[in-house]
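One structure below.
There are 2 protein chains.
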Amino acid sequence: MPITVVGLDGDDTLWHNETRFILTQEELRELLHRHLPEADVDAHLARVEMKNLGVYGYGVKAFTLSMIETAIQLTEGRIPAADLEVILGWGRRMLMEPTELLDGVEPAVRELSERYDLLLITKGDLFDQEGKLARSGLADLFLGVEVVSEKNAGAYRGILARRGIKADEFVMVGNSLRSDILPVLELGARAVHVPYHVTWHHEHVPEESLPREGWYRLESIAAIGEFLGSIN
Amino acid sequence: MPITVVGLDGDDTLWHNETRFILTQEELRELLHRHLPEADVDAHLARVEMKNLGVYGYGVKAFTLSMIETAIQLTEGRIPAADLEVILGWGRRMLMEPTELLDGVEPAVRELSERYDLLLITKGDLFDQEGKLARSGLADLFLGVEVVSEKNAGAYRGILARRGIKADEFVMVGNSLRSDILPVLELGARAVHVPYHVTWHHEHVPEESLPREGWYRLESIAAIGEFLGSIN
Numbered sequence: 001m002p003i004t005v006v007g008l009d010g011d012d013t014l015w016h017n018e019t020r021f022i023l024t025q026e027e028l029r030e031l032l033h034r035h036l037p038e039a040d041v042d043a044h045l046a047r048v049e050m051k052n053l054g055v056y057g058y059g060v061k062a063f064t065l066s067m068i069e070t071a072i073q074l075t076e077g078r079i080p081a082a083d084l085e086v087i088l089g090w091g092r093r094m095l096m097e098p099t100e101l102l103d104g105v106e107p108a109v110r111e112l113s114e115r116y117d118l119l120l121i122t123k124g125d126l127f128d129q130e131g132k133l134a135r136s137g138l139a140d141l142f143l144g145v146e147v148v149s150e151k152n153a154g155a156y157r158g159i160l161a162r163r164g165i166k167a168d169e170f171v172m173v174g175n176s177l178r179s180d181i182l183p184v185l186e187l188g189a190r191a192v193h194v195p196y197h198v199t200w201h202h203e204h205v206p207e208e209s210l211p212r213e214g215w216y217r218l219e220s221i222a223a224i225g226e227f228l229g230s231i232n
Numbered sequence: 233m234p235i236t237v238v239g240l241d242g243d244d245t246l247w248h249n250e251t252r253f254i255l256t257q258e259e260l261r262e263l264l265h266r267h268l269p270e271a272d273v274d275a276h277l278a279r280v281e282m283k284n285l286g287v288y289g290y291g292v293k294a295f296t297l298s299m300i301e302t303a304i305q306l307t308e309g310r311i312p313a314a315d316l317e318v319i320l321g322w323g324r325r326m327l328m329e330p331t332e333l334l335d336g337v338e339p340a341v342r343e344l345s346e347r348y349d350l351l352l353i354t355k356g357d358l359f360d361q362e363g364k365l366a367r368s369g370l371a372d373l374f375l376g377v378e379v380v381s382e383k384n385a386g387a388y389r390g391i392l393a394r395r396g397i398k399a400d401e402f403v404m405v406g407n408s409l410r411s412d413i414l415p416v417l418e419l420g421a422r423a424v425h426v427p428y429h430v431t432w433h434h435e436h437v438p439e440e441s442l443p444r445e446g447w448y449r450l451e452s453i454a455a456i457g458e459f460l461g462s463i464n
């Protein structure tokens with residue numbers, strides 16, 4: 001079947017996301033090292049985030065709450081409230097930042113939108129994702145937006161069923177093997193991996209665990225239009 | 233047109249929600265009064281919540297961040313981090329609480345599901361709402377779930393269009409005049425108001441601002457099946 005619908009991931013596929021977490025995490029490390037020069041802030045934060053994932057889900061608000069928890073725990077409650085107010089401010093700043101598109105995204109998505117129905121399929125915080133899309137200038141190019149709490153096969157199956165899309169006419173494009181590629185292949189749809197230069201540890205899967213067929217890799221999203229034309 | 237699709241609000245229509253915020257807010261008041269016996273905690277928190285609404289959106293994580301901000305500001309940074317850790321714990325507890333259905337909801341929704349397609353239409357935090365529905369035991373009775381960041385006419389219009397539902401075959405049932413009734417009437421659909429005993433100040437609208445026709449009020453959701461049969 002020819003492809004008629006293209007699903008696009010948002011974070012780190014269309015716009016920078018992980019970078020803003022990494023930069024904020026650096027600031028947290030510096031702030032806490034003023035109290036505890038030896039503390040392994042990154043490791044503690046990663047543990048707190050994993051513990052909270054099942055309660056908070058993904059997103060900036062969850063990250064902010066986990067940073068505050070990390071700061072209190074590592075300093076054993078000795079951190080001044082003023083420092084925690086600074087952390088609150090980082091979270092608000094992240095939520096208000098302009099959406100910074102990756103290189104080549106705007107013309108690539110515009111070209112795709114002339115040939116395919118486009119769905120933005122992202123996970124995380126609904127409010128934040130809608131805000132990022134609105135600020136991206138790309139919203140009008142998408143037929144629909146789907147924000148899901150977890151990108152697993154069931155979530156993709158639900159999206160395709162609700163919209164009457166057959167798996168073999170759908171292709172998903174994204175930077176995460178775990179969230180954008182593996183579950184889509186499970187449904188018998190196709191997927192294109194466009195790696196980002198950094199990936200959150202939680203999103204890592206060993207490449208050997210992927211099927212050998214049905215997915216492709218592109219170094220840049222700029223070439224996606226030409227590439228989809230070639231596999232159709 | 234006969235009604236074929238019933239939209240149901242979740243928070244304070246199917247399950248208790250505002251109550252858990254009110255109880256937690258009481259705890260915050262007590263905690264802060266230990267530091268500042270005279271502080272008007274409720275008024276300050278309300279201001280912080282309204283200021284943050286455009287950045288955080290709705291939900292428990294937003295509320296938790298606003299409680300922490302309120303505590304720091306009111307004490308001018310003198311609150312010990314250990315107290316802020318207690319506030320973090322309240323947020324996690326709210327997110328993990330069992331879903332407590334309102335009286336009569338389970339049989340009423342089960343009966344409706346035999347005669348209509350049911351959509352759960354809620355606003356707020358996607359992850360929290362999905363969790364509440366999963367814990368409610370009602371998930372299988374719904375054809376679909378729509379979590380939107382704001383319940384305005386555009387959001388309802390999008391849901392109906394995406395699902396191919398005509399306005400005059402749709403009725404929305406909920407406790408908020410502002411979110412469940414007014415925007416639905418704007419589209420020419422019908423709405424049933426089932427008041428909850430407390431309503432968040434942000435959800436208040438003067439009743440005079442509603443159209444005189446097209447909506448109804450029921451004292452309890454238990455009677456919804458019989459009522460919809462009578463207006464059809």
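Protein sequence lines correspond, in order, to chains H and B. Mapping of the first sequence onto the working numbering: position 176 corresponds to residue 176, and the numbering continues sequentially without gaps. Mapping of the second sequence onto the working numbering: position 123 corresponds to residue 355, and the numbering continues sequentially without gaps. Positions of the beta carbon are idealized from the N, C-alpha and C atoms, including for glycine.
In the DSSP assignment, find the alpha helix (DSSP H) that holds residue 85 of chain H and state where it starts and stops. 81 to 96
Roughly how many angstroms lie between the CA atoms of residue 23 of chain H and residue 93 of chain H, to the nearest whole one? 12 Å
Give the residues of chain B in contact with residue 119 of chain H, contact being defined as C-beta atoms less than 8 Å apart. Result: empty, since nearest Cβ-Cβ is about 11 Å, beyond 8 Å.
Rounding to the nearest angstrom, what Cα-Cα distance links residue 220 of chain H and residue 229 of chain H in this structure? 16 Å
What does a CB cutoff of less than 8 Å around residue 36 of chain H pick up in its chain, not counting 5 residues either side in sequence? 74, 75
DSSP-derived helix/strand/coil call for residue 216 of chain H: strand
Residues near residue 410 of chain B in its chain [Cβ-Cβ closer than 6 Å; skip 5 each side]: 435, 437
Decide yes or no for the touch test of the stretch 313 to 320 of chain B against the stretch 273 to 280 of chain B: beta carbon pairs closer than 8 Å, at least 3 of them. no
Sort B:291, B:390, B:310 by Cα distance to residue 243 of chain B and report the nearest one. B:291
Interface flag, residue 56 of chain H vs chain B, CB-CB below 8 Å: yes
If you count every other CB in all the chains shown that lies within 10 Å of the CB of residue 265 of chain B, and 16 or more means buried, which is it? exposed
Leaving out the 5 sequence neighbours to the left and right, which residues in its chain are closer than 6 Å to residue 380 of chain B when beta-carbon positions are compared? 355, 387
Which same chain residues, not among the five before or five after residue 150 of chain H, have their C-beta less than 7 Å away from its C-beta? 123
Assign residue 425 of chain B to one of three DSSP states: helix, strand, or coil. strand
In chain B, which residues lie less than 8 Å from residue 199 of chain H when you measure between Cβ atoms? Those within 8 Å of residue 199 of chain H in chain B number zero; the least Cβ separation is about 21 Å.
Can you find a C-beta in chain B that's less than 8 Å from the C-beta of residue 80 of chain H? yes
Contacts that residue 408 of chain B makes with chain H (C-beta to C-beta distance below 8 Å): Those within 8 Å of residue 408 of chain B in chain H number zero; the least Cβ separation is about 18 Å.
Short of 6 Å in beta carbon distance, which residues of its chain neighbour residue 54 of chain H, apart from the five on each side in sequence? Order them along the chain. none
Pull the bridge partners of residue 170 of chain H from the DSSP assignment, please. H:5
Whole angstroms is fine: what's the gap from residue 335 of chain B's alpha carbon to residue 428 of chain B's? 11 Å
Reduced DSSP secondary structure (H/G/I, E/B, other) of residue 370 of chain B: coil
Hey, could you find the ends of the alpha helix (DSSP H) residue 293 of chain B is sitting in? 292 to 306
Just the Cα atoms here: how many angstroms apart are residue 225 of chain H and residue 120 of chain H? 16 Å
Rounded to the nearest angstrom, what separates residue 253 of chain B and residue 235 of chain B at their Cα positions? 34 Å
Per DSSP, what kind of secondary structure is residue 251 of chain B in: helix, strand or coil? helix
Measure from the C-beta of residue 27 of chain H to each C-beta in chain B and report whether the shortest distance is under 8 Å. no
So, for residue 71 of chain H: in the same chain, excluding its five sequence neighbours on each side, which residues have a beta-carbon less than 8 Å away from its beta-carbon? 28, 31, 32, 79, 83, 84, 87
Which chain H residues sit within Cβ distance under 7 Å of residue 324 of chain B? 55
At a Cβ cut of 9 Å, what residues of the stretch 366 to 386 of chain B count as close to chain H, listed as they run along the chain? 376, 379, 380, 381, 382
Below 6 Å CB to CB, which residues in the same chain sit around residue 113 of chain H once its five sequence neighbours on both sides are set aside? 141
Give a yes or no on whether 8 Å exceeds the smallest Cβ distance from residue 328 of chain B to chain H. yes
Would you say residue 169 of chain H and residue 1 of chain H are within 8 Å of each other, going by their C-beta atoms? yes
For my contact list, residue 116 of chain H and residue 194 of chain H are in at a C-beta cut-off of 8 Å; report their separation, rounded to the angstrom. The pair is not a contact, with the Cβ atoms about 16 Å apart (cut-off 8 Å).
The beta strand (DSSP E) that contains residue 119 of chain H, what's its start and end? 117 to 123
Straight-line CA distance for residue 208 of chain H to residue 375 of chain B? 37 Å
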